[in-house]
Amino acid sequence: MRLFFVVIDGMGDRPDLRLGGKTPLEYANTPNLDRLASRGITGLVYTVGKRIAPESDIAVASLFGNKPSNYCGRGPVEAIGAGMEMRDGYLALRFNFATVKGDKIVDRRVGRSLTEREARRLVNSLSKIKLPVKFEIKHTVGHRGVVVFKGWFSRWITNIDPAYKNEGYGVAVKNPSSVVKRARPMNKTRAARFSAGLVNTFYKLSREILLEHPINKRRIKNGKLPANAILLRDAGNCVPKFRNLSEYFGYQWYAVVGMPLEQAIAKLSGMKVKSFSYPKHWNIHSYTKTEVKNMKSKTRRDGLYYLHFKQTDIAGHDADPKLKAELIEMIDSFFSDKENDLVIVTADHATPCSLGSHSGDPVPLLIYHPFIRSDSVSFFSERSCRRGKLGIILGYRLMPRVKRMFFSYTRKV
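For what it's worth, numbering that gives the first Met the number 0 labels the leading residue of the sequence shown as 0, then goes sequentially.
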């Protein structure tokens, strides 16, 4: 038997007038997900907590059975996913290349137009910044990157990126400011003050380099947005200690994921990662096709699998509900032959297209197995799952339920 734990990133949404008052999930043609929903049980999940708009890292960690209160920040997870050295005490932060005018953010992702080659060259220039401590900086995917400061630091500092706040884990800000912040210590310790000052210095020096960089001058000449700032966020200063799911189940888990963040969470959770590469040239449809193709080809054998579809979240951030529905339809094809498997489908958070950012809405949940006693829900959507048998549950309580079902159905096979 195969177990599929599928996370569709940012899938949750709200009714959208551009879709006739439907959510993208309701608007999309999803015969396979609807069939599993009609034969399975459904509900809603607050992945981290009620009305909390989480980032993906803490949400996935919670869905894997880890209490959010035990988390130590996204930066270290991103660093581990990027293959960087991370030790307890080191300070790691995620960053976006962005376009900033003065202190005002023009585009927080450089219009999603930054090439891999451009990003690597910019990071190479930033790696030459002189600081009183050693550091490592690396580009990951697209506009994203990670920086790790080596020493002994505090993670209790605020973000430079105004779209997210540090509550021990990253939380999306409702109606965020478009003005770049300065990192501030969140307590009076010397370590917090030094850490905040170091991050501010790094931002200032990086800004000076990026403003004058030949790549950005060329981009401006060609009518493109310059990548002239880095928005730093999600400081963390320890290696996360997640529940080892392979030990918890007594069977090896496998992860088929393409992004460094999800790869790191999977490794830290005792999974063997079956990674894959996205197409070199940015196209969201080809990216999604690549995800579906790889997830089908790498999960043919019996086993326990974690799968993470990323691109739906991008459509949410770009406020494009029709695109999000199209991507959901593409993902639906993955579920065409799963009638004999245990299938769990949910999201890490909602990314409503009407907001263009994460929200605190609960996300739909579907659990299917051929032996399960179904509820009365016929379609997989936010509103229909509200009537489901599972009710509304917290994310960290889902995996123990999945384990009980797995062993119950394994004995019956």
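Cβ coordinates follow ideal geometry from the N, Cα and C atoms, glycine included.
Apart from sequence neighbours up to five positions away, the residues of its chain that approach N215 with a beta-carbon distance below 7 Å are L209, P225, A226, N227, ordered along the chain.
Assignment of beta-bridge partners to N215 by DSSP yields no partner.
Rounded to the nearest angstrom, the Cβ distance from P369 to E338 is 6 Å, consistent with a contact under 8 Å.
Beta-bridge pairing by DSSP links K164 to V170. By the criterion of a C-beta distance shorter than 7 Å, E246 is surrounded in its chain by G269, once the five residues flanking it on both sides are discounted. Counting only runs of 4 or more residues that sit fully inside the stretch 80-166, the alpha helix (DSSP H) segments are 115-125, in chain order. The three-state secondary structure of T188, taken from DSSP, is coil.
In this structure, the straight-line span from the alpha carbon of L121 to that of V105 is close to 19 Å. Per the DSSP secondary-structure output, L267 pairs with nothing in a beta bridge. Judged by DSSP in its simplified three-state form, F4 adopts strand. Contact between F96 and G144 holds: CB atoms are separated by about 7 Å, below the 8 Å threshold. The stretch 215-249 is shown to contain whole alpha helix (DSSP H) runs of 4 or more residues at 244-248, in chain order. Taking the C-beta atoms as reference points, I156 is found nearer than 8 Å to V198. In the structure shown, A182 adopts coil according to DSSP, grouped into three states. DSSP places V291 in the uninterrupted alpha helix (DSSP H) bounded by 283-296. The C-beta of V146 has 16 or more other C-beta atoms within 10 Å across all chains shown, which makes the residue buried.
Here V59 carries a helix assignment [DSSP, helix/strand/coil].
For I392, the enclosing beta strand (DSSP E) has its first and last residue at 390-393. For L204, the CB contacts under 6 Å within the same chain, skipping 5 residues up- and downstream, are I128 in chain order. The C-beta of N31 has 16 or more other C-beta atoms within 10 Å across all chains shown, which makes the residue buried. Collapsing the DSSP output to three states places K337 in coil.
A direct Cα-to-Cα measurement between P259 and V342 gives close to 24 Å.
Scanning G101, I159, K137, A265 for the CA closest to the CA of R116 turns up K137. Cβ-Cβ separation between Y89 and L393: approximately 31 Å, too far for a contact (criterion under 8 Å). Excluding sequence positions up to five before and after A191, its CB lies within less than 7 Å of the CB of S153, W155, I156, P184, M185, all in the same chain and listed in chain order. DSSP, read as helix, strand or coil, puts F201 in helix.
Boundaries around Y253 are those of the beta strand (DSSP E), 252-255, since no alpha helix (DSSP H) includes it. Around the beta carbon of H284, a 10 Å sphere encloses fewer than 16 other beta carbons of the protein chains shown; the residue is thus reported as exposed. The bridge partners DSSP lists for M258 come to none.
Counting along the chain, no beta strand (DSSP E) covers P23; the unbroken alpha helix (DSSP H) around it starts and ends at 23-26.
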